[in-house]
Amino acid sequence: AGLSKMAATFDGVSNVVGMSLRNELRGPKQNVNDWFKYMQQGAEAVHSANKNVLVILSGLSFDNDLSFVRSRSVKLSFTGKLVFEMHWYSFSDGNSWASNNPNDNCGRVLNRIGNNAGFLLNQGFPLFLSEFGIDERGGNVNDNRYFGCLSAWAAENDVDWALWALTGDYYLREGVVGLVEYYGALDSDWISVRNSSFLQM
């Protein structure tokens, strides 16, 4: 009911182009059978309520894994508006960027991305890197090495992306008032850019 209501609310709103059904499925109860059942139901609900929006499906394990779609197709009554999304951060690969040769590690990570989601591009599906980012202070070796690899992959494969995050801080998060978001493009004043060299990339 919630997805249908949101889809209907934004029917005819031209700057709402897509709806993601669920953010970052995770935990011990996540499983492929439930994913297919509920993602297909949700996709049909959104499409029934709003024929104009793209329907965006996220994967399992914090949206790092869509590998199961390789051998089992999503079955929907509509075509031409299905998009898959993935999230990938440096910490998706532990501390491997800081502890390994960056070029070798890039190859391993891109192989993992290809197996987990990148293969969808070869099957003709749009793949949206709907979350990625780095600690904008610039001192995180893991993030700094990862960013060049992932952004080059996205550019080479014409993958659209969304940066986490714009926010400079949070009004309240994790019980803390004014918690700083170091992955935020904006500084805590919400006016200044946290890392101007990052925006030039």
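Heads up: the sequence shown at position 107 corresponds to 107 in UniProt numbering, and the numbers run straight through without jumps. C-beta atoms are modelled at their ideal positions from N, C-alpha and C, and glycine is treated no differently.
Between the C-alpha atoms of A117 and A7, what's the straight-line distance to the nearest angstrom? 26 Å
Could you work out which residue in G138, D63, N157 is closest to N122 when comparing CA atoms only? N157
Assign F128 to buried or exposed, taking buried as 16 or more other Cβ atoms, counted over all protein chains shown, within 10 Å of its Cβ. buried
Buried or exposed: E78, going by 16 or more other Cβ atoms within 10 Å of its Cβ? The sequence as given places Phe at residue 78; Glu does not occur at that position. It counts as exposed.
Beta-carbon gap between L110 and F132 smaller than 8 Å: no
In chain order, each alpha helix (DSSP H) run of at least 4 residues that lies wholly inside the stretch 87-133: 96-99, 102-113, 119-122
heavy atom of the ligand HEM below 7 Å from G107 C-beta: The ligand HEM is not part of the structure shown, which contains no ligands of any sort.
Please state the DSSP three-state secondary structure of S151. helix
Return the first residue and the last residue of the beta strand (DSSP E) that G18 is part of. 18-20
Short Cβ contact (8 Å threshold) for L54 with V32: no
Quick one: what's got a C-beta closer than 7 Å to L179's C-beta in the same chain, skipping five residues either side? D169, Y170, R173
Report back the beta-carbon spacing between L25 and L60 to the nearest angstrom; my notes put them in contact at under 8 Å. 5 Å
How about N115 and S67: do their beta carbons lie closer than 8 Å? yes
Check this for me: beta carbons of S90 and N23, under 8 Å apart or not? no
Using the C-alpha atoms, what's the distance from T9 back to D34? 27 Å
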